[in-house]
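One structure below.
Protein chains: 2
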Amino acid sequence: MKLNATKIPIRVGSKYIAVLNEKRAHFLDLHAGDRIILKKKGQKPLRALLDITENSELKETEVGLYEDTWSKLKTKYGDDIEIAVAEKPISTTYIKKKLNGERLTTTELNEIIKDVVAEDLSDLEVAYFVSACYIHGLSDRETADLTRSIVNNGNKLKFKNKVVADKHCIGGVPGNRTTMIIIPIIAAAGILMPKTSSRAITSPSGTADTMEVLANILNQAPKLTKIANKVGGFITWGGGVDLASADDKMIRARHPLSLDPQGMLLASIMAKKFSVGSTHVLIDIPIGPQVKIKTKKEGRILKRRFETLGKNLGMKVKVIFTNGDQPVGRGIGPSLEAMDVMKVLKNEEDAPSSLREKSIKMAGILLELTGKAKFGRGSSMARKILKSGKAYDKMMEIIKAQGAKRTKLRPGNFSKIIRAGKDGKIIEVNNKLIAHIARTAGAPKDQEAGVYIHKRLGEKVKKGEPLYTIYADIEERIEYTKQYPLNKAFIIKK
Amino acid sequence: MKLNATKIPIRVGSKYIAVLNEKRAHFLDLHAGDRIILKKKGQKPLRALLDITENSELKETEVGLYEDTWSKLKTKYGDDIEIAVAEKPISTTYIKKKLNGERLTTTELNEIIKDVVAEDLSDLEVAYFVSACYIHGLSDRETADLTRSIVNNGNKLKFKNKVVADKHCIGGVPGNRTTMIIIPIIAAAGILMPKTSSRAITSPSGTADTMEVLANILNQAPKLTKIANKVGGFITWGGGVDLASADDKMIRARHPLSLDPQGMLLASIMAKKFSVGSTHVLIDIPIGPQVKIKTKKEGRILKRRFETLGKNLGMKVKVIFTNGDQPVGRGIGPSLEAMDVMKVLKNEEDAPSSLREKSIKMAGILLELTGKAKFGRGSSMARKILKSGKAYDKMMEIIKAQGAKRTKLRPGNFSKIIRAGKDGKIIEVNNKLIAHIARTAGAPKDQEAGVYIHKRLGEKVKKGEPLYTIYADIEERIEYTKQYPLNKAFIIKK
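Taken in sequence, the protein lines are chains A and B.
So for the first sequence, our numbering puts the first residue at 1; every next one is plus one.
So for the second sequence, our numbering puts the first residue at 1001; every next one is plus one.
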């Protein structure tokens, strides 16, 4: 059947979508979400997902093409497009199999991921896959297969080094920019550490957001490989490099209900390590009432799964539990965190010790894990590298290689100090509330916005002493933060 | 934030969708599937679902409105539209609860269905609800609550009669147009039977398609109520009347993977009965290797669930098992089936006995169930009504009331006879294959297309005798059917 092409001004990335008038679709016995083949003279046949419109301006004699589809077929208005019905991909039957509670084979999982990347599965079908994994779970073998499939169907970075170090933190702790201190230490020790980090989704800043204050966030694989080979590491945004792109597409389907199927979460994290060729990985699981993992029991289950997955993928994985009771460092928000990081790297006197000590500890473990330091000597080696200024120099090399941005860092122009309401001891810090406040103040979009913490858990305070300062670039954003109980972020007991 | 309105030429029914450029969405911290409030001066604020487009023709200063949204807000090009972020509906948390394997309360299920009808849940979220129901199942109580919610959030037909009869068949058997014989018999007996039927989805014809050959398929509730009160019944397409519209929306989400969560299937069927006020319902479960229900064991589980649901809803429900080994009647396809139906109603000599006897049996059970006939006397009463010509007269009243269409029925202009390849006895009839052939010949779109069956299971045949005839309105459609093994539809054993 030949129809006239007309353009629909929507672009959805690499997915090809065509729209038919309901009557035409009914005549062709087609439903929304079905696949069709679009044939235009002189162009390769294009497989597309079908959308249907009711009594629209789109005529029965027309086919509407989303922008991506339009340009892929090099269409002009009124061009003849031939429509043919296409089969559903076989992967839909595997998704149904998983919904029925069966385990999927290596090949079946790979087929699903292949079609996710090729955008031959609709968002609805990916959602069904997510829910099946969420409810039935993924076995250790399935998790390893899923990880490999994600890596094999995405871009990879290849290095000749035998040892490639990496780290990951199961988020939820504000501040906590250890990555930006660990990488220069490890790279200064001569170990390759190419790091792809995430941007904030619901938090005030991700490592990629904070790094972006100091340097360009690059996304070209060849350039990144060159930088890593030259200076021993980089810190960039994983999403931009298109590593593990299947994962990004599944995250989109998980968003509406914020579903975190554990097997998918593990595969998602480890695929990013695997795709840059990591051999030694340190996983940080903060535990606390206000972070993702609330109890040691939960933590131990996750630890076992990480270790098993690492073994199945042929990686050395070490999992540590850290304290997630309060923010790490004092700044929360891109610039404020970058300031903390630089203070630690420069060995400044007022550098936040929580951030320094946690980074040294973790860098030490990585030095031991990779065999660079003897068991029990990692921390002191890491501290030496940091104190010597070599970590700072390495960070400056990395920044220069990626392309330096700001050199002078500052907090936002507008601020509000929150003071203690009474004398006493700080017995609780509400991580989530602080994150909300920082985000409402503008972080991470407004780089200078956020929160600066003056007091830490266990410290004694006098009534009127500053507990924390809210910074914003736009004055009214300070006002917005008043929707939160600002005096509940720190609980003080007499 | 104020943006300029521009139109997207897609209409999706009652769902309101707005589109933002990716950069604008990122700036507003919005994701696809989030809800926003659209405010236009002089119009009520409108809640809409957000879609996002990449680097599109849609500018950062613009908001794209789907046709429905555009006209609802009475928009003109360039109008200022203010955008505000809206909360997700609370029903999304109930969907997550169900995904987590918990039971939902009456209120929670009603909230989900309310939002499904209001189109405040995205297709993705409805898919998550479907998959949760599919995997975890729905308890008897949840199924009854779901049914009531579907009915309460949709249109209803109200009748004063104390007894309202209904029937339903769990499809899969070609032909089988008993409804069109049972309704006139029951209505002729003085019992109200307002019947909403389905159209074919994957079969060669649904009751609504076959009825449409003879009469208009009406969809206005007041008119249907009037007809039922006047002549005692009608036969129309349920989908057009917008009864149980939540169900149609859930079916759309079930389509891509053809998911049939049992509780949803039950609720879907019974909601349609409940919304026309049915008090006595007969459910026909054909059992056979080529129909939906393959074994008596499966059938018994479904029977128990139907009976329990009926009890919970305060309906009298009777479930019977019938033979699903071969088509009922001889014609398959709208016109061919309508011809069978009229032959039975007219008591013609060559009327297919399988269709007549099954209809009489079922009408008899309904007459007993509703107390019109004494136990054991229903069939003979039904047969008497049919033989007397009263059922035919009633059918003509119904057709007239709905608006008569064709009076002269005929099969398609092109045909092909499939003959026995050898002498022997017919030991198997392949329902599915016959349905595929009829559909490929053009049914139900081409009303005259389909298959006419000459021989039945158990009959002896001689080599060269006609087994069945394929009819089509378009000659090449006969050719298309050759993709199937036409000589495998009937298995003959020497």
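Positions of the beta carbon are idealized from the N, C-alpha and C atoms, including for glycine.
Being a predicted model, the structure only gives us computed values, none of them experimental.
| DSSP three-state assignment for Val1012(B), whether helix, strand or coil | Position 12 of the second sequence, counting from 1, holds the residue named residue 1012(B). Note: Val1012(B) maps to coil in three-state DSSP.
| Quick one: is Met1001(B) buried, meaning 16 or more other Cβ sit within 10 Å of its Cβ, or exposed? | Sequence index remark: in the second sequence, residue 1001(B) carries index 1 (1-based). Burial call: exposed.
| Mapping DSSP to helix, strand and coil, what is Ala1404(B)? | As a working mapping, residue 1404(B) is identified with position 404 in the second sequence. Strand.
| task | Spell out a yes or no on whether the stretch 169–183 of chain A and the stretch 130–143 of chain A are touching, meaning 3 or more CB-CB pairs, one atom from each, closer than 8 angstroms. | result | no
| field | Nearest to Ala1472(B) (by Cα), restricted to the options Pro1204(B), Gly1364(B) and Leu1345(B) | value | What you label residue 1472(B) is simply residue 472 of the second sequence in a count that begins at 1. That would be Pro1204(B), whose Cα lies nearest to the Cα of Ala1472(B).
| said: Output needed in chain order: residues of the stretch 1115–1126 of chain B with a Cβ under 8 angstroms from some Cβ in chain A. | reply: Ser1122, Asp1123, Leu1124 and Glu1125
| message | Give me the subset of the stretch 1077–1102 of chain B whose CB atoms are less than 9 angstroms from a CB atom of chain A, sorted by chain position. | response | Lys1088, Thr1092, Thr1093, Ile1095, Lys1096, Leu1099, Asn1100 and Gly1101
| Which of the three DSSP states, helix, strand or coil, is assigned to Glu1252(B)? | Taking the first residue of the second sequence as 1, we reach residue 1252(B) at position 252. Residue identity differs from the one stated: residue 1252(B) is Arg in this sequence, not Glu. Correct three-state label for Arg1252(B): helix.
| Residues in the stretch 1419–1431 of chain B having any Cβ partner in chain A nearer than 7 angstroms | none
| said: If you reduce the DSSP assignment to three classes, tell me which class Ser91(A) lands in. | reply: Here residue 91(A) corresponds to residue number 91 of the first sequence, with the count starting at 1. Residue state, collapsed to three classes: helix.
| Chain-ordered neighbours of Ser1056(B) on chain A, where CB pairs are closer than 7 angstroms | One-based indexing of the second sequence puts residue 1056(B) at position 56. Result: Pro9, Ile10, Arg11 and Glu67.
| Among Gly442(A), Gly33(A), Glu67(A) and Lys97(A), which has the Cα closest to the Cα of Leu336(A)? | Looking up residue 336(A) in the first sequence gives position 336. The shortest Cα separation from Leu336(A) among Gly442(A), Gly33(A), Glu67(A) and Lys97(A) belongs to Gly442(A).
| Counted within 10 angstroms of its Cβ, other Cβ atoms place His978(B) as buried (16 or more) or exposed | This structure leaves residue 978(B) out entirely; chain B is present only between 1001 and 1494.
| field | Whole beta strand (DSSP E) elements within the stretch 196–237 of chain A, 3-residue minimum | value | 233–237
| Residues, ordered as in the chain, of the stretch 1435–1454 of chain B that lie near chain A by beta-carbon distance below 8 angstroms | Lys1445
| said: Rounded to whole angstroms, what is the Cα-Cα separation between Arg1035(B) and Lys1015(B)? | reply: Numbered from its first residue, the second sequence carries residue 1035(B) at position 35. Numbered from its first residue, the second sequence carries residue 1015(B) at position 15. Taking the straight line joining both Cα atoms gives about 12 angstroms.
| request: Mind checking the stretch 1241–1269 of chain B against chain A and listing, in chain order, the residues whose C-beta falls within less than 9 angstroms of any C-beta there? | output: Arg1252, Ala1253, His1255, Pro1256, Leu1257, Ser1258 and Leu1259
| field | Neighbour list for Val1019(B) in chain A, Cβ cutoff strictly below 8 angstroms | value | Residue mapping note: residue 1019(B) aligns to position 19 of the second sequence, counting from 1. Going along chain A in sequence order, the residues near Val1019(B) (Cβ under 8 angstroms) are Ile10.
| query | Given a threshold of 16 other Cβ atoms within 10 Å of its Cβ, counted over all protein chains shown, does Lys158(A) qualify as buried or as exposed? | reply | Taking the first residue of the first sequence as 1, we reach residue 158(A) at position 158. Counting Cβ neighbours within 10 Å, Lys158(A) comes out exposed, since fewer than 16 surround it.
| query | Taking the continuous beta strand (DSSP E) assigned at Thr295(A), which residues delimit it? | reply | Position 295 of the first sequence holds residue 295(A). Premise fails: Thr295(A) is in no beta strand (DSSP E) and is neither H nor E.
| field | Nearest neighbour of Leu73(A), chosen from Asn100(A), Ala165(A), Ile301(A) and Gln43(A) [CA to CA] | value | Taking the first sequence and counting its residues from 1, the one referred to as residue 73(A) is at position 73. Comparing Cα-Cα distances from Leu73(A) to each of Asn100(A), Ala165(A), Ile301(A) and Gln43(A), the minimum goes to Gln43(A).
| said: Using CA atoms only, rank isn't needed, just tell me which of Thr1092(B), Met1264(B) and Pro1256(B) is closest to Thr93(A). | reply: For the purposes of this step, residue 93(A) is taken as residue 93 along the first sequence, with counting starting at 1. Checking every option, the nearest Cα to that of Thr93(A) belongs to Pro1256(B).
| task | Whole angstroms is fine: what's the gap from Met1211(B)'s alpha carbon to Arg1304(B)'s? | result | The residue given as residue 1211(B) occupies position 211 in the second sequence. The residue given as residue 1304(B) occupies position 304 in the second sequence. Their Cα atoms are separated by approximately 31 angstroms.
| When you compare only the Cα positions, how much space is there between Ile1459(B) and Lys1425(B)? | Position 459 of the second sequence holds residue 1459(B). Position 425 of the second sequence holds residue 1425(B). Before going further, note that residue 1459(B) is Glu rather than Ile in the sequence given. In a straight line, the C-alpha of Glu1459(B) is about 6 angstroms away from that of Lys1425(B).
| Beta-carbon separation of Ala1188(B) and Lys1384(B) under 8 angstroms? | Locating residue 1188(B) in the second sequence gives position 188, counting from the first residue. Locating residue 1384(B) in the second sequence gives position 384, counting from the first residue. It is not a contact, given that the beta carbons lie outside the stated cut-off.
| task | Identify the continuous alpha helix (DSSP H) that holds Ala435(A) and give its terminal residues. | result | The count along the first sequence starts at 1 and reaches residue 435(A) at position 435. That run of the alpha helix (DSSP H) goes Asn431 to Thr440.
| Option nearest Leu214(A) by Cα separation, candidates Pro222(A), Ala228(A) and Thr236(A) | To locate residue 214(A), count along the first sequence from 1; it is residue 214. Checked all of Pro222(A), Ala228(A) and Thr236(A); the closest Cα to Leu214(A) is Thr236(A).
| query | Any residues in the stretch 1031–1056 of chain B with a beta carbon nearer than 9 angstroms to a beta carbon of chain A? Which ones, in chain order? | reply | His1031, Ala1032, Gly1033, Asp1034, Asp1051, Ile1052, Thr1053, Glu1054, Asn1055 and Ser1056
| query | Closer than 8 angstroms, CB to CB, is Ala132(A) near chain B or not? | reply | What you label residue 132(A) is simply residue 132 of the first sequence in a count that begins at 1. Chain B, which has a Cβ nearer than 8 angstroms to the Cβ of Ala132(A), makes this yes.
| request: Measure from the C-beta of Gly64(A) to each C-beta in chain B and report whether the shortest distance is under 8 angstroms. | output: As a working note, residue 64(A) is residue 64 in the first sequence. Gly64(A) counts as touching chain B.
| field | Any chain A beta carbon closer than 8 angstroms to Tyr1128(B) | value | What you label residue 1128(B) is simply residue 128 of the second sequence in a count that begins at 1. Judged by the 8 angstroms Cβ criterion, Tyr1128(B) is in contact with chain A.
| query | So which residues of chain A does Phe1027(B) contact, with C-beta pairs closer than 8 angstroms? | reply | Taking the second sequence and counting its residues from 1, the one referred to as residue 1027(B) is at position 27. Result: Lys445.
| task | State the Cα-Cα distance for the pair Arg330(A) and Val344(A), rounded to the nearest angstrom. | result | Within the first sequence, residue 330(A) is the residue found at index 330, counting from 1. Within the first sequence, residue 344(A) is the residue found at index 344, counting from 1. C-alpha separation (whole angstroms): 12 angstroms.
| message | For a contact defined as C-beta to C-beta under 9 angstroms, what are the partners of Ile135(A) on chain B? | response | Here residue 135(A) corresponds to residue number 135 of the first sequence, with the count starting at 1. Near Ile135(A) (Cβ distances below 9 angstroms), the residues of chain B are Leu1099, Asn1100, Gly1101, Ser1131, Ala1132, Ile1135 and His1136.
| request: Check each candidate in Gly1101(B), Ile1090(B) and Gln1220(B) and name the one with the smallest Cα separation from Asp1115(B). | output: Against the second sequence, residue 1115(B) aligns to sequence position 115. Answer by Cα proximity: Ile1090(B).
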